[in-house]
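Taking it in order: structure first as structure tokens, then the write-up.
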Amino acid sequence: KNQRTLLAVLILIFQEIALLAEDHPINQKVAELILEKTGAAVTIVENGLQCTELFTGSAKGSFDAILMDIQMPIMNGYEAAQAIRSSTHPQSATIPIIAMTANAFAEDIKNALSAGMNAHIAKPIDPQKLYETLAAYIK
70 KNQRTLLAVL ILIFQEIALL AEDHPINQKV AELILEKTGA AVTIVENGLQ CTELFTGSAK
130 GSFDAILMDI QMPIMNGYEA AQAIRSSTHP QSATIPIIAM TANAFAEDIK NALSAGMNAH
190 IAKPIDPQKL YETLAAYIK
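Start counting the sequence shown at 70; every next residue gets the next number (the working numbering).
Written out as structure tokens, the structure reads:
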């Protein structure tokens with residue numbers, strides 16, 4: 070019941086548009102299904118470079134949050150977060166960037182925050198934790 074209540078609150082608070090940077094097809098689908106339960110529209114890219122290019126080329130308000138894997142080809146999540154934060158996009162400093170990764174040691178969390186990410190969620194993804202984290206950062 071707790072998860073359903075939080076889910077209902079999330080749906081009322083926002084109609085989220087999430088940008089998901091994840092290179093593994095199964096993880097893409099799992100995250101997409103979890104997010105779609107909130108009524109979110111999800112755009113999926115396969116690496117940090119695609120994420121950075123799509124976000125920085127988008128209009129303000131196109132995305133409400135970025136969910137970022139860390140270990141991806143071409144550009145990893147840390148590099149992508151840093152590129153987004155240093156871009157000239159109107160939301161570069163404010164868009165919530167949430168790391169979603171199997172790297173869950175204290176050092177990994179510290180690295181994610183140092184790269185400009187707002188939060189860290191360990192894989193496998195706990196839907197309740199993801200919903201709570203999104204609710205904390207999306208107004």
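Beta carbons: idealized from backbone N, C-alpha and C, even for Gly.
Just so you know, these numbers come straight off a predicted model, no measurement behind them.
Cβ-Cβ distances below 8 Å link residue 155 to 161 in the same chain, with the five nearest sequence neighbours on each side left out; the list follows chain order. DSSP lists 168 as the beta-bridge partner residues of residue 189. In this structure, 112 is the residue among 129, 157, 112, 197 with its C-alpha nearest to the C-alpha of residue 137. Around the Cβ of residue 135, a 10 Å sphere holds 16 or more other Cβ atoms; the residue is buried. Put simply, the backbone Cα of residue 145 is about 22 Å away from that of residue 195. In terms of Cβ geometry, residue 149 and residue 126 do not form a close pair [threshold 7 Å]. Boundaries of the alpha helix (DSSP H) harbouring residue 121: 117-125, taken from the DSSP string.
Pairing residue 168 with residue 186 gives a Cβ-Cβ distance under 7 Å. Classified as exposed, residue 157 has fewer than 16 neighbouring CB atoms from the shown chains inside 10 Å of its CB.
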